[in-house]
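Colleague: Numbering (our numbering), first residue to last: 12 to 511. Glycine included, C-beta positions come from ideal geometry on N, C-alpha and C.
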């Protein structure tokens, strides 16, 4: 039997005293000398204690360091070296420490795969098993958009959220009207430049900043006009006003994914804090709140949601959507699980255990919003000092997270060769089936709140009620996302009987 190095001395002490201290025979001496020679005998480790205590030679490749580049929200680059077997959480902690962020659960790292699709780095898994065939380049992003940014404890957290939302607005991911662009742009100028100073600000100083994908001189002039009225407003207050206005936009915090309905019509599925939204031509045509969804699942490139029966219904229904490929359907399934767990549950559910679990074992492993708010209330440190960056005048490519940055349509994505898509797949990526029953017992008190967030009730609380200031403030009216249809086509819904 092969023993561990730490067990070698114990085995020697267990020998009988006569055998341990008696003079060895001549044959045993020759045998001992042959075992201690430079030519290692295959069985010598079973009889020689010198080989038992010898530490194994480590493979130098096991300590191979990988260079990682992370693009932060202000456009700066964070570079570090990590062992190739490191997990995602280790990299996340390095980034959090570098930017001095404590309210970190709203943020995550994203990367582009070989097909240029956006993926979120799983903190619980090794990085090398997630990033395959592409450089280890990541982007620091907001993953969970808080429904009420005023509840964030620190100004630095709100600042990073503002940076992400500015990118969303400029890239077209968060559509805005002309009036909205001017109001949000004016608060951006106040946050980055401070009070208007005619000696320091030139006649076209707003043209050096980027506010919208299609920025015009008229928009810049209106932003300058509003900026001049904000004298005395601090950068933190300007960011608070920015967030109070931008959170009312209908596409705020919506993670979009390309899909098709059973009739082959191109649609977009949006995942947000309140549930699953269905868009066609940028117009919301249906909404499924989390309390109405009983189960989410995927099989191959099909994504399914099981709808709970209504008050006057006797059957639950299953609605299916087609995605470009099974990796896209699994990616949407994981995003749904993460958003439901973060916004709806008090604590995350443990992953399933056992060898007979069919499908993916993925579960959200981070803290929920409820746990994050509790931790934020315990933050006790002086307000951290940080530099606010100046937005450079450049236009980001207009793209949606669910789509390729090269503008690939769903048909182009689905027509990619299977060998190209599976070249860098891991075994887990090949899982083409998964399901999860949604737990609604933990957060029943959030049902009414979630529905109110989606319906956009009349908010009577003004910005001045949040923070008093002597300057002029502007507030947007709620933008209506569009009238949802009453029902989907008949061939979309598959009815299954349910016992009452």
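#1: Ignore the nearest five residues each way along the sequence and tell me which others in residue 349's own chain have a CB closer than 6 Å to its CB.
#2: So if DSSP puts residue 316 in a beta bridge, which residue, or which two residues, is it bridged to?
#3: May I ask you to report which of helix, strand or coil DSSP gives residue 354?
#4: Could you give the uninterrupted runs of the alpha helix (DSSP H) lying entirely in the region 159 to 207, keeping only those of 4 residues or more?
#5: By Cβ distance, which residues of its chain are closer than 6 Å to residue 270, with the 5 residues on each side in sequence left out?
#6: Please state whether DSSP places residue 80 in a helix, a strand or coil.
#7: What does residue 88 pair with, by DSSP beta-bridge criteria?
#8: Look at the alpha carbon of residue 201 and the alpha carbon of residue 179, and state the distance between them as a whole number of angstroms.
#9: Flag this pair as touching only if the region 201 to 217 and the region 228 to 238 have three or more C-beta atom pairs under 8 Å; answer yes or no.
#10: Would you give the residue range spanned by the beta strand (DSSP E) that residue 390 belongs to?
#11: Could you check how far apart the C-beta atoms of residue 223 and residue 181 are, in whole angstroms? I think they sit under 8 Å.
#12: Assuming residue 390 and residue 94 make a contact with CB atoms under 8 Å, what is their CB distance in whole Å?
#13: Measure from the alpha carbon of residue 127 to the alpha carbon of each residue in 140, 149 and 137, then state which is nearest.
#14: Report, in whole angstroms, the separation of the C-beta atoms of residue 147 and residue 77, which I expect to be a contact under 8 Å.
#15: Does the structure place the region 244 to 259 close enough to the region 154 to 172 that three or more beta carbon pairs sit under 8 Å?
#16: Which residues does DSSP list as the beta-bridge partners of residue 268?
#17: With 16 other CB atoms within 10 Å as the buried threshold, where does residue 385 fall?
#18: So, helix, strand or coil for residue 349, using DSSP?
#19: Let's test the definition: count the other Cβ atoms within 10 Å of the Cβ of residue 111 and tell me whether it reaches 16, buried, or not, exposed.
#20: Roughly how far, in whole angstroms, is the beta-carbon of residue 161 from the beta-carbon of residue 230, given that I think they are within contact range, below 8 Å?
#21: Ends of the alpha helix (DSSP H) at residue 110?
#22: Residue 296 lies in the beta strand (DSSP E); which residues open and close that run?
#23: Considering Cα atoms alone, identify which of 398, 382, 243 and 373 is closest to residue 133.
#24: Tell me the DSSP secondary structure of residue 322 in three-state form.
#25: What does the alpha-carbon distance come out to for the pair residue 260 and residue 317?
#26: Between residue 175 and residue 84, which are expected to be in contact by the criterion C-beta below 8 Å, what is the C-beta distance as a whole number of angstroms?
#27: I need the straight-line Cα distance from residue 290 to residue 361, nearest angstrom please.
#28: Grab the span of the alpha helix (DSSP H) containing residue 228 for me, first residue to last.
#29: Quick check on DSSP: helix, strand or coil for residue 129?
#30: What span of residues does the beta strand (DSSP E) with residue 118 cover, start to end?
#31: Starting from residue 288, trace the beta strand (DSSP E) in both directions and tell me its first and last residue.
#32: Drop a sphere of 10 angstroms on the beta-carbon of residue 392, count the other beta-carbons inside from all chains shown, and report buried for 16 or more, exposed for fewer.
#33: Let's test the definition: count the other Cβ atoms within 10 Å of the Cβ of residue 204 and tell me whether it reaches 16, buried, or not, exposed.
Modeller: Taking the definition as stated:
#1: 375
#2: 307 and 330
#3: helix
#4: 166 to 182 and 189 to 204
#5: 278, 280, 332 and 334
#6: strand
#7: 82
#8: 19 Å
#9: yes
#10: No beta strand (DSSP E) contains residue 390, which DSSP labels as neither H nor E.
#11: 7 Å
#12: Not quite, the Cβ-Cβ distance comes to about 31 Å (not below 8 Å), so this is no contact.
#13: 149
#14: 6 Å
#15: yes
#16: 280
#17: exposed
#18: helix
#19: exposed
#20: That belief does not hold up - the Cβ atoms of residue 161 and residue 230 are roughly 27 Å apart, past 8 Å.
#21: 99 to 110
#22: 294 to 300
#23: 373
#24: coil
#25: 28 Å
#26: 6 Å
#27: 32 Å
#28: 228 to 238
#29: strand
#30: 118 to 123
#31: 286 to 291
#32: exposed
#33: buried
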